[in-house]
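**Student:** Chains as they are written, first to last, in the numbering used here: chain A, 51 to 378; chain B, 51 to 378.
One structure follows; several queries about it will come next.
Number of protein chains: 2
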Amino acid sequence: MEKKVVSAMEVARLANVSQSTVSRVFTPGASVSEKTRQKVLKVAEELNYQPNALARGLITKKTNLVGLAMKDIQNPFYHEVLGIFTKKLRAKGYSVLFVYTENEEIQQEEINHFLEYNVEAIIVTDALLSSNVVKKLQNNNIPVTLFNRYDKNLQCHSVSCDNISAAKEIAAYVYEKNYKDIVFITGKLNTSTSRDRQKGFTDFLTSKGLNVTTLEGDYTYDKSFHLTKNMIKNGHTPEVIFGANDITALGALDALKEAGISVPDETVVIGFDDIKMSSWPHYALSTWVQPIEQMVDETIHLLALDSDSSGPQTVKLKGHFIHRETTK
Amino acid sequence: MEKKVVSAMEVARLANVSQSTVSRVFTPGASVSEKTRQKVLKVAEELNYQPNALARGLITKKTNLVGLAMKDIQNPFYHEVLGIFTKKLRAKGYSVLFVYTENEEIQQEEINHFLEYNVEAIIVTDALLSSNVVKKLQNNNIPVTLFNRYDKNLQCHSVSCDNISAAKEIAAYVYEKNYKDIVFITGKLNTSTSRDRQKGFTDFLTSKGLNVTTLEGDYTYDKSFHLTKNMIKNGHTPEVIFGANDITALGALDALKEAGISVPDETVVIGFDDIKMSSWPHYALSTWVQPIEQMVDETIHLLALDSDSSGPQTVKLKGHFIHRETTK
DNA sequence: CTGAAAGCGCTTACAG
DNA sequence: CTGAAAGCGCTTACAG
C-alpha cells in the first residue's frame, strides 16, 4: 500500500490546464478566470487534492508553522493557554508544532525540531531559554516570545500580566482591610512571575510599615500544602495568605481547612491566575484574573510584527481581582 | 532582514565535497568515510547547518510528523496524556502537530492541516471523528488511532483501558462491601468510556440483584456537583457514588462535603482516571488508575506497525484500583 | 567512498 | 488569464 498523494500535476491533467494554473487556484490572490477556477476546483475535489504544505513551504519560505514549547504540564493555567493559542493560531492559518519539555531550561535539541521545520515563530510559555539558544534562533531570524514571563538578559519579546502592579493592588486590599499578619508563599524562585508578585506585594506592604512573612514554595500544590500545614502546627495562623499562583493558594487553602481554620474569617486566602478550579464551589478562591485571551492576542500580534524588527518588546497586561469566598 | 538558512550546498562548498556527500553525512546509515564525515560535520557546526526537514520530507515521503487532536482542554487527564505523547514521540524522532478542537466532532478543515503537512499518523484523544473524515484519511493511507475511546463504526485503531472489566471490578468491591444504595454518574453519553464504565458497573450489580441509580452527567465538575447537590436536597444520600471519571467524582465529593455528609462513612466515592488532583490531600479520591504510559506506548506501537496493515486493532489495557480515603 | 544528475511538489517571474 | 521553465533544499539510484 503506497501512500498515494495526488499532486497538482494530476489535477492539471484531468482539468486540462497547466500545473501552474492549478497552483494559482490554490494561491489566494493569484489571477485565474472564474471558469478555470471552477473547473480545477471540481477536479481537485474529486481527486481529494490538497496542496502539499512541505513543497509550498520549501519554495515560499513560509511554513505557516509556529513552535510552542511548554514545561509545566501540572498547572492547568497552561492548558488553557495552549488551547487558546492553537485556536487563535489556526484561525490565522498557522499550525502548531508542540514541544513539551521536562527540563528546567529548554535544550538545544528540543528546539532543533523547530528549526528543521522552519517554524516562523516560537512561543515559550513556561520554560527557560539559555541565551545560547536564543542567539541561535536570532541567527536564524526566528522571533521568540516568552509568554507569562520575561528575562532581561534575553533578546526576545515577552508578554505577561503586569505582575508587580497586580500584586500591589492585592497588597492595597490587604492593607485597607487592616490585616497585620501576612504570609506570601512564593512560586519557583527563578521565575519572573514569582519574583514580581512577591516584589509588588511586599514592597507595598513594607512601605506601609507592615511585615510580610515569606515562605518558599515551588508552584506546586503539595509544597504549599505542607508549608502551610507546618506553619499552623508551629502555632502560626496568619490573617492573610497570598499564593504566587492559584495552585499554591489552593494548597494553602486545603491545609487551612484541614486544620479547621475558618476561611475567610480567620484567614483570608488569595491566589493568582484564575484557573478553572478556583471557581469550583469547594474552593471559590479569590484571585487575580490573568487576561489570557488578550495575552495570547498580543503574543500573536508581536510575532507577526517582527518584520519591522523594532527590537524585543515587552508587553504587560493588567487583569483584575476577583473576590470569591476566600476574602471578605 | 532575510531569513538566512544555510543549505547543504554552502556546507559542501566550504568543506570541499559535493552536496550529496553533505547529505550522506546527515543520513543515518549512508556510507561516508570517517574523515569526510568529520570535515563536513565541522563546517556544518560552524555554519550552524541543519538539514531542512521540509525538503527531506518532500523527497522521502517521511515527514516525522504526527498529528495529535484533542478536545477536552478541561480534563487534566488529557494534559498528562499530551505530555507523555510528545515526550515519547520525540524520543522516536517525531514532532507533534497539535490541534485543539472545540467541536464535538473533529471537522474536516481541522484535519486538513494534518494532511497538508503529510503527517505520518494521527492520534485522536478526546474528540469524535466522522466516518467521512476517517475514510479520507484512509484514502491517504494515514493510520489513525483513537486514544481512550473506540468506535465500532470507524475503521481505525483504538487504545483504551478495559473500561468494562475495570468497572466490573469496582462493582465487585461495592457488592462485597454490601452497599445497597448505589449511584452512578455518567460522563458524556456519546463516549465509549462513559458507556462502558456504566455497563460494566451496572451489569455486575444487576446480576447480583442490586439496583443502580443512574444520573446523567457530562464529564464536568459543575454538572456532577449540582446533580449530587440536588439529589441530597431531595432527600437521597446514597451509600456509593461512582463517577464516570475523576472530575465527575470530585464534583460529587465536594457536594457531599458541602452538605455535611461524611465520606467514606456515610457515602463512599469512587472515580476513574487517577488525575493528579485526586491524590491531593483534600480529595484523596479512591479511583481507577489508567495505565497512561502503557496506553501511550501501545498507541505509538500501533501507529508504527501499520505497515503490515493487518486491519484496525483494538487494544485494551487493565490498570488498577487505588483505595485512598473516599472508600473503606 | 564519492560526484553528477534527476526528481519530490510546489511557486513565481517571464512571456505571450 | 495562462503556460513553460527555473528553482526551493533535499535524497538516492547510477556510475566510477
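We put the CB at the ideal spot given by N, CA and C, even for glycine.
Nothing here was measured: the structure is a model prediction, and the numbers come from that model.
Consult DSSP for residue 163/A and reduce its assignment to one of helix, strand or coil.
**Tutor:** helix
**Student:** Taking the straight line between their C-alpha atoms, what separation do you get for residue 63/A and residue 94/A?
**Tutor:** 11 Å
**Student:** Along the chain, which unbroken stretches of the alpha helix (DSSP H) at least 4 residues long are found entirely within the region 121-175 of chain A?
**Tutor:** Complete alpha helix (DSSP H) runs here, min 4: 126-141, 158-166.
**Student:** Entirely within the region 187-244 of chain B and at least 3 residues each: give me those beta strand (DSSP E) ranges in chain order.
**Tutor:** 194-197, 207-211, 232-235
**Student:** So with CB distances below 8 Å, who are the chain A contacts of residue 133/B?
**Tutor:** 123, 150
**Student:** So what does DSSP say about residue 76/A, is it helix, strand or coil?
**Tutor:** coil
**Student:** Tell me whether residue 187/B is buried or exposed, calling it buried when 16 or more other Cβ atoms sit within 10 Å of its Cβ.
**Tutor:** buried
**Student:** Going by C-alpha distance, which of 130/A, 154/A, 310/A is nearest residue 239/A?
**Tutor:** 154/A
**Student:** Enumerate in chain order the residues of its own chain whose CB-to-CB distance from residue 339/B is below 6 Å, with the five nearest sequence positions on each side excluded.
**Tutor:** 324, 369, 370, 372
**Student:** Who pairs with residue 262/A in a beta bridge, going by DSSP?
**Tutor:** 232/A
**Student:** Going by the beta-carbon positions, is the gap between residue 353/A and residue 173/A smaller than 9 Å?
**Tutor:** yes
**Student:** Work out the CA separation of residue 56/B and residue 66/B for me, nearest whole Å.
**Tutor:** 16 Å
**Student:** Taking Cβ-Cβ distances shorter than 8 Å, what residues in chain A pair up with residue 223/B?
**Tutor:** Neighbours of residue 223/B on chain A: none; closest Cβ ~26 Å, over 8 Å.
**Student:** Quick one: is residue 332/B near chain A, going by C-beta distance under 9 Å?
**Tutor:** yes
**Student:** So with CB distances below 7 Å, who are the chain A contacts of residue 103/B?
**Tutor:** 166, 167
**Student:** Would you mind reading off the limits of the beta strand (DSSP E) that contains residue 337/A?
**Tutor:** 336-339
**Student:** How about residue 88/B: is its C-beta nearer than 9 Å to some C-beta of chain A?
**Tutor:** Answer no: the Cβ-Cβ gap between residue 88/B and chain A never drops below 9 Å.
**Student:** State the DSSP-derived secondary structure class of residue 379/B, mapped to helix, strand or coil.
**Tutor:** This structure does not reach residue 379/B, given that chain B is present from 51 up to 378, and the question cannot be answered.
**Student:** Cα separation between residue 260/B and residue 211/B?
**Tutor:** 25 Å
**Student:** CA-CA distance, residue 143/A and residue 205/A?
**Tutor:** Rounded to whole angstroms, residue 143/A to residue 205/A spans 27 Å at the Cα level.
**Student:** Determine the DSSP secondary structure at residue 364/A, reduced to helix, strand or coil.
**Tutor:** Residue state, collapsed to three classes: strand.
**Student:** Mind checking whether residue 274/B and residue 298/B have CB atoms under 9 Å apart?
**Tutor:** yes
**Student:** With contact counted as at least three CB pairs below 8 Å, one residue from each stretch, are the region 107-126 of chain B and the region 129-144 of chain A in contact?
**Tutor:** With three or more CB-CB distances shorter than 8 Å, the region 107-126 of chain B counts as touching the region 129-144 of chain A.
**Student:** Rounded to the nearest angstrom, what separates residue 227/A and residue 293/A at their Cα positions?
**Tutor:** 18 Å
**Student:** Following the continuous beta strand (DSSP E) through residue 320/A, name the residue where it begins and the one where it ends.
**Tutor:** 318-323
**Student:** If you drop the 5 nearest sequence neighbours on each side, which residues of the same chain put their C-beta closer than 6 Å to that of residue 309/A?
**Tutor:** 282
**Student:** Tell me where the alpha helix (DSSP H) around residue 61/B begins and ends.
**Tutor:** 58-65
**Student:** Would you kindly work out how many angstroms separate the C-alpha atoms of residue 119/A and residue 347/B, rounded to a whole number?
**Tutor:** Each residue's alpha carbon lies about 22 Å from the other.
**Student:** Is residue 297/A helix, strand or coil when you go by DSSP?
**Tutor:** helix
**Student:** Determine the chain B residues that contact residue 107/A at a beta-carbon separation under 7 Å, and present them in chain order.
**Tutor:** 104
**Student:** Identify the residues that DSSP records as bridge partners of residue 291/A: which are they?
**Tutor:** 233/A, 319/A
**Student:** In this structure, what does DSSP give as the bridge partners for residue 179/B?
**Tutor:** 156/B
**Student:** Classify residue 116/B as helix, strand or coil using the three-state DSSP reduction.
**Tutor:** strand
**Student:** Could you name the residues of the same chain whose beta carbon sits closer than 7 Å to that of residue 277/B, not counting the 5 residues immediately before and after it, in chain order?
**Tutor:** 235, 265, 267
**Student:** Assuming residue 116/B and residue 90/B form a contact by the criterion Cβ under 8 Å, report the distance between their Cβ atoms to the nearest whole angstrom.
**Tutor:** About 30 Å; that fails the 8 Å criterion.
**Student:** How many angstroms separate the CA atom of residue 218/A from the CA atom of residue 366/A?
**Tutor:** Their backbone Cα atoms lie some 15 Å apart in a straight line.
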